[in-house]
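Here is the structure we will look at.
In the working numbering, the protein residues as written are 423 to 791.
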């Protein structure tokens, strides 16, 4: 495959309502969209980086710079036989997984289009639909949180995830469980706690949670292993798992019993597939986390989540969960049984709406071969 040119789009999409985690509240999201042109086709990818370095050290500015000055020149330098070759080509650039993932995703889209199959099929996906869960940020009141959960359950979502932080944790989970005793429920701390909070986290054992996601430091696996030994509830690692090697270490140490695979966080779908295979061999379930992607990133996530070891509902919601208007068509719609349909058309299976993309674009750049 000879890449002819690459386009970068820095976009900003307003959210339907604010989204709050343990480290920030946002009302709009910046991200970088990638278009790669080759042999009469265009492939699309997304780097869902934030404007601030709170979830990850990568930001809009670092991603734009690393793609422009290092990764795109490496991509344009030689012909490419497969998207799976990109991690090796990009390896000389240390880190910056989200910058790499956006470019790699566009090549997966191109490769699938050339083969006349969906990205899900190219990856080895086995599902025609995936179970959908919903992630709910910290709310202004317990009543507002309960009302939101009720609304999402009415819509058909199969699993509820709530964000927790110090001062918004055990009492909140208790209130949710009293109102919804049977709903599949998990909590996500986004690294808000330390081992000194172990007694509080043990108190969550009494609420029949699917998992506690990333309670301790974002780069830790040692203390998570100690905490897991103290808990009945399964721990899930998110931020700590940034590579196949890191996943292997976490499993060997017993740092978690579930892994959240976000393709953007681990450097792209090739690495996501490798982590999936590692966990499948170890009989450790995985699920696909979301980073409030546009329809481009959502389509790639749906394709990844169609792989066989994604046995838990992911954070891949319908398009209207976050956006008044997405930049792709058709939208992802929640089916009556609480699933999202995996696109079967060539590539990612959704079409980018250029007028909508232009409307939310803050800057753009084009790089010819």
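Just so it is clear, CB atoms sit at the ideal spot from N, CA and C, and this is done for glycine as well.
Residue burial is scored here from C-beta neighbours: residue 739 has at least 16 other C-beta atoms within 10 angstroms and is therefore classed as buried. In the three-state reduction of the DSSP assignment, residue 678 falls in the coil class. Taken through DSSP and simplified to helix, strand or coil, residue 769 comes out as strand. Assigned with DSSP and collapsed to three states, residue 629 falls in helix. Going by beta carbons, residue 579 and residue 550 fall outside the 8 angstroms limit. Contact between residue 434 and residue 787 is absent: CB atoms are separated by about 16 angstroms, not below the 8 angstroms threshold. Measuring C-alpha to C-alpha distances from residue 662 to each of 611, 652, 704 identifies 611 as the nearest.
Ranked by Cα distance from residue 708, the first of 728, 751, 675 is 728. Beta-bridge partners assigned by DSSP to residue 590: 587. The three-state secondary structure of residue 614, taken from DSSP, is coil. Around residue 596, the same chain offers 629 as residues with beta carbons nearer than 8 angstroms, after the five sequence neighbours per side are excluded.
Residues of the same chain with a CB within less than 8 angstroms of the CB of residue 692, apart from the 5 flanking positions on each side, are 505, 506, 508, 509, 526 in chain order.
Measuring C-alpha to C-alpha distances from residue 488 to each of 559, 536, 522 identifies 522 as the nearest. Under the three-state reduction of DSSP output, residue 434 falls in the strand class. Using a C-beta cut-off of 8 angstroms, the region 526–535 makes contact with the region 763–776, since at least three inter-stretch Cβ pairs fall below that distance. In the DSSP assignment, residue 555 falls within the unbroken beta strand (DSSP E) covering 555–558. Scanning 686, 497, 440 for the CA closest to the CA of residue 517 turns up 686. Going by beta carbons, residue 643 and residue 602 fall outside the 8 angstroms limit. Nearest C-alpha to residue 626 among 437, 716, 586, 493: 586. In this structure, residue 683 sits away from residue 706, with a CB-CB distance that is not shorter than 8 angstroms.
Secondary structure note for residue 464: its beta strand (DSSP E) is the uninterrupted segment 463–469. Residue 501 sits exposed, since fewer than 16 C-beta atoms from the chains shown fall within 10 Å of its C-beta. Residue 652 has its alpha-carbon roughly 33 angstroms from the corresponding atom of residue 723. Within a 10 Å sphere around the beta-carbon of residue 791 sit fewer than 16 other beta-carbons, which makes this residue exposed. Membership of residue 749 in any alpha helix (DSSP H) is not indicated, and neither H nor E is assigned to it by DSSP.
Each of 463, 464, 465, 480 was checked against the Cα of residue 471, and the nearest Cα belongs to 480. Less than 8 angstroms separates the beta-carbon of residue 617 from that of residue 649.
About 6 angstroms separates the beta carbon of residue 635 from that of residue 608, a gap short enough to meet the 8 angstroms contact definition.
Residue 459 has 427, 464 as its beta-bridge partners, per DSSP.
Cβ-Cβ distances below 6 angstroms link residue 564 to 597 in the same chain, with the five nearest sequence neighbours on each side left out; the list follows chain order. Distance check between residue 754 and each of 730, 732, 725 places 725 closest, using alpha-carbon atoms only. In summary, residue 655 is buried, with 16 or more beta-carbon neighbours lying within 10 Å of its beta-carbon over all protein chains present. Of the candidates 719, 538, 484, the residue whose Cα lies closest to the Cα of residue 457 is 719. Each residue's CA atom was taken as its position, placing residue 638 and residue 660 some 11 angstroms apart.
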